[in-house]
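Using this note's numbering, count along the sequence shown one by one with no gaps and you end on 165.
Don't be surprised by glycine CBs; every beta carbon is placed ideally from N, CA and C.
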Amino acid sequence: MINDEIRAKEVRLVGAEGEQIGIKPIREALQMAIDLNLDLVNVAPQAKPPVCRIMDYGKFRYEQQKKEKEARKNQKIVDIKEVWFRANIEEHDYQTKLRNVVKFLKDGDKVKCSVRFRGREITHANIGQKILERVKVEVADLCVIERQPKLEGRSMIMILAPKA
């Protein structure tokens with residue numbers, strides 16, 4: 002709340018340079034802000050009495066938006082990459098997919114490792130379990146296991162997250 006929107010009778014006033022002015026009636030505080038050609042801004046409305054500060058509100062809002070924009074620019078968006086294995090995967094194919102898992106983890110993305118079962122392969126779910134356990138052991142130094150291998154429908158899924 003700024004200027005005339007403030008409804009308290011008295012406010013604890015902080016000056017434009019950050020100095021404590023003290024408890025003043027709202028009219029006097031508002032007049033001080035107008036004399037300095039600045040705004041009276043309520044910075045702590047829950048306090049008793051509310052804390053108001055004399056400042057240039059437009060400049061303050063501009064700086065806040067600039068900070069928020071900078072924070073958004075610096076944040077990392079984590080994607081979930083998915084790597085499919087088969088129950089009867091050959092060694093070379095396994096190594097290729099493992100290299101992709103390592104690359105995704107190093108890039109800072111989460112990896113969803115899945116073993117897809119076709120037809121009667123589902124009766125040998127332990128083979129899929131062994132493949133995912135092998136992946137887990139080989140990338141243990143790069144990641145933390147966010148979700149242990151679990152059978153869901155016709156596929157077994159494990160989620161890996163990069164270490165911070």
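Rounded straight-line distance, which links the Cα of residue j to that of residue i
i: K68; j: Y95; result: 46 Å
i: N43; j: D80; result: 40 Å
i: E91; j: I78; result: 34 Å
i: R8; j: M2; result: 9 Å
i: Q76; j: V52; result: 33 Å
i: K107; j: E71; result: 25 Å
i: P163; j: Q66; result: 31 Å
i: V116; j: R73; result: 36 Å
i: E153; j: R121; result: 15 Å
i: D110; j: H125; result: 30 Å
For residue i, the three-state DSSP class (helix, strand or coil)
i: K104; result: helix
i: F61; result: helix
i: A45; result: strand
i: A141; result: coil
i: V112; result: strand
i: A126; result: helix
i: D1; result: Outside the shown range of the chain (2 to 165) lies residue 1, about which nothing can therefore be said.
i: L37; result: coil
i: I27; result: helix
i: K10; result: coil
i: K164; result: coil
Cβ pair residue i, residue j closer than 8 Å
i: M157; j: Q149; result: no
i: V102; j: V84; result: yes
i: V112; j: F118; result: no
i: D57; j: L39; result: yes
i: K10; j: P26; result: yes
i: V138; j: L99; result: no
i: V15; j: Q21; result: yes
i: I123; j: R155; result: yes
i: N4; j: L37; result: no
Proximity test, residue i beta-carbon vs the ligand MG heavy atom, cut-off 7 Å
i: T124; result: Ligands in the displayed structure: none, and consequently the ligand MG is not present.
Beta-bridge partners of residue i, as assigned by DSSP
i: Q21; result: V15
i: R117; result: R87 and S156
i: M56; result: D40
i: L133; result: DSSP lists no partner for L133.
When the options are compared against residue i, the one with the closest alpha-carbon
i: L161; options: I132, K82 and A30; result: K82
i: I24; options: R54, I35, L37 and I3; result: R54
i: R87; options: G120, Q66 and G129; result: G129
i: C144; options: F61, E64, C114 and V15; result: C114
i: K60; options: A45, E147 and A17; result: A17
i: P46; options: E134, K164, E6 and V116; result: E6
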